[in-house]
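**Q**
In full-length UniProt numbering, the protein residues as written are 1 to 249.
Here's what the structure looks like:
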């Protein structure tokens, strides 16, 4: 009988495969490096609870949430049961491309993040060998059934919500092969990809910060003559005496 490859029924199941491990290993490296420099108190990871992307975070409260078993909090990602302005960091590892309404998820994340709070997103790049494989394939199983979001479009969504992009990068330049021994043969493409075709990585990362415009107090330019006319007589008398005493000294 031919060796039929099983189709992953969830992103978590795919992440345990050799192909998924190749991608998640590079994502773990990026998240570990990035979250270690973000300070605050409360950090949330939505989805993929079996991968601790907050491992290197210094925040005292770190937890996972989502609709899968294994999360610290079970919830719908488009209806977050958290107070507004209550979180300092939110991670979205491959959440948006598998959501029915990614815009609503981003709106909820914007609501629960504090001003100057951080959002880090990972997603599959449609303009890559992985995106080409999805476009030419049957879109069955994971991650191919997802709707890969173009990075410029994602940036536009974030800008409309008041986020400012602070950084990002690409990774996973090797073709979407299934066996690790073949993926390792294309390991040279990681360094070469960063240098020669940086925007063609199979996965992108985007780090954004929630900006809240501050109010600036604009003081009026007073008409000194009008002010003197509006001053009560006692105030004018006291001011005149003060000026006279100052001249006599």
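Where a beta carbon is used, it is the ideal one built from N, C-alpha and C, also for glycine.
1) Suppose contacts are defined by Cβ-Cβ distances below 8 Å. Is residue 198 in contact with residue 164 by that definition?
2) Kindly say whether residue 162, judged by its beta-carbon, lies nearer than 8 Å to any beta-carbon of chain B.
3) With H, G and I counted as helix, E and B as strand and the rest as coil, what does DSSP make of residue 217?
4) Please name the residue, chosen from 56, 58 and 50, that lies closest to residue 64 on a Cα-to-Cα basis.
5) What residues are listed by DSSP as bridge partners for residue 44?
6) Considering only DSSP beta bridges, list what residue 79 is partnered with.
7) By the three-class DSSP mapping on this structure, what secondary structure does residue 188 have?
8) Say whether the region 164 to 184 touches the region 97 to 107, bearing in mind that this needs 3 or more beta-carbon pairs closer than 8 Å, one atom from each stretch.
9) As an exercise, report each continuous alpha helix (DSSP H) stretch of at least 4 residues that is fully enclosed by the region 126 to 181, in chain order.
10) Is the CB-CB distance between residue 206 and residue 175 below 8 Å?
**A** Answer, in terms of the structure:
1) No. Outside cutoff.
2) No chain B is present in this structure, which holds just one protein chain.
3) Unreliable positioning characterises residue 217 in this predicted model, as indicated by a pLDDT of 46, which lies under 50. The coordinate reading is nonetheless provided below. In the structure shown, residue 217 sits in coil (DSSP, three-state: anything other than H, G, I, E or B).
4) Of 56, 58 and 50, the residue nearest in Cα terms is 50.
5) Bridge partners of residue 44: 63 and 90.
6) For residue 79, which the question treats as bridged, DSSP gives the partners 76.
7) In this structure, residue 188 counts as helix in the three-state DSSP scheme.
8) Segments in contact, no.
9) At a cut-off of 4 residues, the continuous stretches assigned as alpha helix (DSSP H) that sit fully inside the region 126 to 181 are 129 to 136 and 151 to 160.
10) Cβ distance not < 8 Å, so residue 206 and residue 175 don't count as in contact.
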